[in-house]
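Okay, structure first, notes after.
What follows is the structure, encoded as structure tokens:
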């Protein structure tokens, strides 16, 4: 299976051209016994034959390039991804410059906009957090951030409860049913994207 957009900040052709420009700029004809042309061809081979394994399947990255090593972690937009001894671990990623600021509750915006912020952020926490424990931690960070932005505690709880009502969760969220709800929300996302 081919994968696009895993890390696209570096275009493959531009990467090769940059290596060539670097070698030309410094007038490097050889490194050790390897000619500059061979170095460029080897770099091109590595970049264009970038594969990775996930969940027992192999994927070919057709655009962009690798940025991490096996057993390490990376951040992609607002998602932290880690290979934890072969198990995929994910959670919400907050940039170091993150400010705990959302639309203030006392703003002039309509109530439905204010209702959707805790709702959407809790959905994101469930989808992004691969373990129940990291979800609980993210939910508490979200609650504190909303309180700092003057959202009433009762209002926050009502919006959090709305997530479970809409997605028909009859009993409180726990370690035993968290994975099921998470998979349901992720599948719902996939279905919506496929229908568009």
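In this note's numbering, the protein residues as written are 152 to 347. Ideal Cβ placement from N, Cα and C applies to all residues, glycine included.
- Comparing alpha-carbon positions, the option among 241, 231, 259 and 262 lying closest to residue 247 turns out to be 231.
- Judged by their CB atoms, residue 300 and residue 253 are nearer to each other than the 7 Å cut-off.
- For residue 240, no alpha helix (DSSP H) segment is defined; the enclosing uninterrupted segment is the beta strand (DSSP E) at 238–243.
- In this model, residue 166 and residue 215 are separated by some 9 Å (Cα to Cα).
- For the pair residue 240 and residue 204, the CB atoms are not nearer than the 7 Å cut-off.
- Taken through DSSP and simplified to helix, strand or coil, residue 185 comes out as strand.
- Residue state for residue 208 is assigned as strand, using DSSP reduced to three classes.
- Pairing residue 314 with residue 243, the inter-Cα distance amounts to about 18 Å.
- In the DSSP assignment, residue 288 falls within the unbroken alpha helix (DSSP H) covering 283–299.
- A distance below 8 Å between beta-carbons, with the five flanking residues on each side excluded, links residue 340 to the following residues of its chain, in chain order: 278.
- DSSP, reduced to helix, strand and coil, places residue 227 within a strand of the structure shown.
- The continuous stretches of alpha helix (DSSP H) do not include residue 249, and DSSP gives it neither H nor E.
- Looking from the CA of residue 227, the closest CA among 245, 325, 237 and 211 belongs to 245.
- For residue 200, no alpha helix (DSSP H) segment is defined, and its DSSP state is neither H nor E.
- In this structure residue 276 is buried. Its beta-carbon is surrounded by 16 or more other beta-carbon atoms within 10 angstroms.
- The C-alpha of residue 308 lies about 57 Å from the C-alpha of residue 173.
- Residue 310 sits away from residue 272, with the two beta carbons spaced by 7 Å or more.
- Residue environment: residue 269 is assigned as buried (16 or more neighbouring CB atoms within 10 Å of its CB, all protein chains considered).
- Separation of the CB atoms of residue 209 and residue 202 is rounded to 6 Å, and the pair is thereby assigned contact status at 8 Å.
- Counting along the chain, residue 306 sits inside the alpha helix (DSSP H) bounded by residues 304–317.
- The three-state secondary structure of residue 234, taken from DSSP, is strand.
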